[in-house]
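A short worksheet on the structure shown next.
Chains as they are written, first to last, in our numbering: chain A, 1 to 362; chain B, 363 to 724; chain C, 725 to 1086; chain D, 1087 to 1448.
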């Protein structure tokens, strides 16, 4: 099935870009968790379009209406459903010629012409808004256990942030930044690159790095419920993600064991790794060090330049010029989405008892 | 849960390296599929150790005994359980000091000292043998539908095979090769690098590329059951995998949309992509082009050089020198494992009807 | 997890009786299924309260708003979310003394005081409205395959309908009846009993029988996905259901094998059972005969008579007199709920290909 | 999928009656649980055939070999696979004419002639042996938490044990009894009835009652993971079960609310029900009172009397006389199976933390 995920928590996502609403149900949050709605709104705002020159000019309020599972500001323990009404849709911007790089081609095969593809339909990046909502709740649940989730722009096009393995205080400093890049010079170059691409009627890809601090050791399982497996399944459900790595990831493939192994030392009378090239996960199980993941986003496929496509009815070649307002680079708005996915994955790996204990203590 | 995976098919893996046996149950294969056991044995042999100077000298027969779900050489449609007895174990090779880069540290946290970690226990690379068995069955099920699975060594350490996007006939030519690298020169250099690492009592990582040809368009779903999500969850359950990418993967992050988008053309009166930078998947759904994935393997963590660790009882630093026979590079033996995982993922994405229809025609 | 169900289709139910809305997501319906909304509304009306003297006087419109997964009157193939706004709530009718026979006692243990129990909260019989909505869609999907679902009142209190194993035309004749009992005399007695109970400020239980005609043989699986297992899991999620039986059910326990076995004969050049004491299911798999199930409903626990309870704060005994408007007998309104559950169970047992094939033919 | 079950724990069952072996994997037991193997063997012996005149004369050792997940007498926390080798098979006893009341008819539809139906294949009652094994482990896990599981013969054919709602000490007294009936007179009559049926070449059905004492309140969830839903799904996977009820079950349908509601009182400074007509479950969630379920078993379908059937090849009527050794009544041997299923269901409803906490205390 397409639209459900999770073991301990269950997500069920729904909606089309130009349908009545999009939304998500989240089942498995503990009861009695006080939810700070202004923090939820801040997370939604980080992802919302129309905020900056680096993003689409579409205005979407992205206000979540919570239909269930909350009472007097706290979770009840039953499924929470949050919905976001759609508006400001320009359905006429979308035609029948499939857009290269989009799901138009594959949706036609999968749904045999019945998908509501207006505005990208169920494949629209807009569907990440419910994920961010669920992630905002997950972050608050994790926060009550001392776990913090961060994200940053690691790369835009060919420009990479030179800072690797940032200290916790650097991560914290990113909070609230519209363009969360650590190194000022490369951050500026990244922004210029995005604006250049916009001017060229083109787009550009990039890499988001996300980190979870305060994760206890011993979460996850070997094999199919490895933290990496659980997280990757939700990461790869984010539109435009084409690669995932944990810790030093693909760089580890180029190393020798003597370089790659994290030496083991003692801290607070507990064994731990002295470095964190493994990204906080060994054998699928958390080490207690920060969990680090990077997500590769392909460039926004909707570009205004003429592109080669074909007409599904006449089966003739067709040149497509996409109108409408599109992000020259999805990466800045994808940072809170990647964070949300990591938060949900960590939450899914927490034994139910962890949250129950927390609940009892409050 | 740790040890089950899948939606349409269900895998349940079990066993410890030095326990009585390892094995897997596979539920969801169609009835009446004739299984060629010598092909199954060939797949097992590709993964088995003790075959070449690039791998460990341990001798493991890896003979699968099928306990259920087969009758007169055909699948019955009920769950198949295959087991592999363990032997040639040298339990004395393993001590209590956690080995850097291994799951020793995290298994102790997760299982609180109760895991059977002899020979790596449930975390041993040996557990990939049942995966290869399940994959061998999956490959035969796919083959009956015209789908073929291939794998190759793309990178060892810093040496990368220069061939990208190989033609089908190149993939086919790899069949049966002990060291399945396409370019002869880089293949030779890779082998030398592995032997050098062995001589230095070190190990080295690498990248496996795996491909599925003949996959029909329209498989998979948006979001949580995207082909990428389904495949990544099983890929990341393979020990030592730290990164996954589909199509051009992380390279797409460095591109502009005008470079990254695959133009759409017409072939056999059907729309298709003219290039395959997306790795045969758009919006989580197959395009009909080959599905391409790359898996980054970290170097084997077991190296004979002295390494920094710590004693979990005395909480004192300890120098560890790992004895025993270990692979200087796991990558050559990991090729059939990656293929098995891709085959299982594709099979899990096939609607039950596809296999049912096939069954009826026979 | 509490609120998700299904293998091939996935349901996710949410909502509290006096919260903003209740609803359900249904994932896994095929694309291109034309939905007759007036039929959906008829199903909703059958369950809705306020319609007859046998039910509560609460007025609930139970209008479903479909938020996703539908386009131009057809399913798109993505998850359908339907919501029903809550209104006409009298929250002051509910106090803190747990009502005997209700979930008040257990919800307090499970959710530790955080559940929104106004109007019964997530445990309210009102939550069966989303089930009926999902069932209405399932019925239409089944109908397109020639499968029909029926339900009838088999027993109210001690009065049982004498008709057993009704012919198809009797089932059909029940369509649209407000009190779907087959035998006129016992039906009248049942109604009198309900009115008597109402007058005595009491309530009464009963049995619903539901049947699926046209179900092809060979659906379901042995063991954990037996049709009985799949159906029972959703049947027992209906509030007030305390017993389930298939075919002759508990009566079979009193029989000898020579009585209980359904003899095998030939019909339309196919083997089939000559009788249907097994309720259309042998070994967990459908025979091709009608699937028959009966659900035992306990009496509505909310009665206006004084009842013994206790105060959870003072831990003193307390006498409870429940105010508010409650059904003297839930059974008539439960008939469409039982039908919905059976429809969803049958749909979940259909191989994906069945619906896909259907789709292709249209 | 057919052969997997569970949320917190996962069962995967496999095997055919006359194949190499039958078995089960159980994933999700906590690590460090000491397993008393002689207790496991006692449970296996209770179910094993060949023990008494009330059962088949087939001799099956039913010795479980544990392949994984155990080390030095304790669970490791990884999946446990237990297998039972098959022997003493008389394959020639089975022909091609489908046996009335058996899965022969439906298996042919489901598996299109490919099932290994020798000895009943995957549908054989023999497959309950792995369930009893898994249940024996579950019972020990529950026992360490103070939860005890019992079972008794409530009814054989038309003879019902007059004792209802037995006190705990009556349940305890049943331990080790070959024919666990409480009332001596009815127990004797039941046994005579079974022997009569055997002499008449017939069989007889019955009802098993199973109970869980010491279950904490607050387990389970409303809707799809109600304790009743979870338990029913596994109960109905037991061959020959055609009805399930909890507490007073179908009798509640005949009651009025004033009779059926369990009054609420105070015990040990906690609210609880004064009676237990609800079977320890309200709103799908445990009350803290014993969980009580009854399972209706149809008569063994294999009887030696001539029966009407048909030849699937010639499509001609055929008279079938079943040879071989079959149980005249499965109910006595089904008691430990029902207990196993209840134990597994309760275990599946326990939050992971419960077992974790337990583990820490040891």
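C-beta atoms are modelled at their ideal positions from N, C-alpha and C, and glycine is treated no differently. Since we're looking at a predicted model, the values are computed, not measured.
At least one CB atom of chain A sits nearer than 7 Å to the CB of residue 840/C. Around the CB of residue 379/B, 16 or more other CB atoms lie within 10 Å, so the residue is classed as buried. The three-state secondary structure of residue 1295/D, taken from DSSP, is strand. Within the same chain, 444 come within 6 Å of residue 428/B by CB-CB distance, once the 5 residues on both sides are set aside. Here residue 190/A has 153, 156, 159 and 181 as same chain residues with Cβ atoms under 7 Å from its own Cβ, once five neighbours each way along the sequence are excluded. When C-beta atoms of the region 1153-1165 of chain D are compared with those of the region 1114-1122 of chain D, three or more pairs fall below 8 Å, so the two segments count as touching. From the beta-carbon of residue 157/A, the residues of chain B found nearer than 9 Å are 615, 616, 617 and 618.
Each residue's CA atom was taken as its position, placing residue 1002/C and residue 1321/D some 16 Å apart.
Within its own chain, the residues whose Cβ lies closer than 8 Å to the Cβ of residue 1010/C, once the five positions on either side in sequence are excluded, are 939, 940, 941, 942, 943, 944, 951, 1004 and 1073, listed in chain order.
Note: residue 1018/C is bridge-paired with 933/C and 969/C in the DSSP secondary-structure output. Judged by DSSP secondary structure, residue 994/C falls within the beta strand (DSSP E) whose first and last residues are 994-997.
Rounded to whole angstroms, residue 608/B and residue 242/A show a C-alpha spacing of 6 Å. Taking C-beta atoms under 8 Å as the contact rule, residue 601/B and residue 686/B fail to qualify, at a distance of about 16 Å. For residue 429/B, the nearest CB of chain D lies under 7 Å from its own CB, placing it at the interface with that chain. In this structure, residue 237/A keeps its C-beta atom at 7 Å or more from the C-beta atom of residue 299/A.
Judged by DSSP secondary structure, residue 679/B falls within the beta strand (DSSP E) whose first and last residues are 679-682. By the Cβ criterion, the region 1018-1033 of chain C is in contact with the region 824-836 of chain C, since at least three pairs of Cβ atoms, one from each stretch, lie closer than 8 Å. Counting C-beta pairs closer than 8 Å gives three or more between the region 854-861 of chain C and the region 1057-1067 of chain C, which meets the contact rule. In the displayed model, residue 872/C falls within a strand according to three-state DSSP. With fewer than three CB-CB distances shorter than 8 Å, the region 108-119 of chain A does not count as touching the region 42-54 of chain A. Contact annotation: residue 205/A and residue 297/A have beta-carbon atoms nearer than 7 Å. Across the set 896/C, 901/C and 777/C, the C-alpha of 896/C shows the shortest separation from the C-alpha of residue 872/C. Within 7 Å of the CB of residue 1357/D, the CB atoms of chain C belong to 822, 829, 1034 and 1036, in sequence order along the chain. Assignment of residue 44/A by DSSP, reduced to helix, strand and coil, places it in the helix class. For chain B, none of the residues of the region 737-768 of chain C brings a beta carbon within less than 7 Å of one of its beta carbons.
Around the beta carbon of residue 70/A, 16 or more other beta carbons sit within 10 angstroms, so the residue counts as buried. Within the same chain, and ignoring the five residues on either side of residue 504/B in sequence, the residues whose Cβ sits closer than 7 Å to its Cβ are 511, 705, 708 and 709. DSSP places residue 912/C inside the alpha helix (DSSP H), whose first and last residues are 908-923. Distance from the CA of residue 97/A to the CA of residue 633/B, rounded to the nearest whole angstrom, comes to 10 Å. Residue-level contact check: residue 623/B touches chain A, since one or more beta carbons of chain A fall below 7 Å from its beta carbon. Counting of Cβ neighbours within 10 angstroms places residue 1041/C among the exposed residues, the total staying below 16. The three-state secondary structure of residue 385/B, taken from DSSP, is strand.
Residues of the region 1286-1301 of chain D with a C-beta less than 9 Å from any C-beta of chain C: 1286, 1287, 1288, 1289, 1290, 1291, 1292 and 1293, listed in chain order. The three-state reading of DSSP puts residue 433/B in strand, counting E and B together. By a beta-carbon distance limit of 8 Å, residue 381/B contacts residue 1154/D. Their separation comes to about 5 Å.
The DSSP-derived three-state label of residue 649/B is coil.
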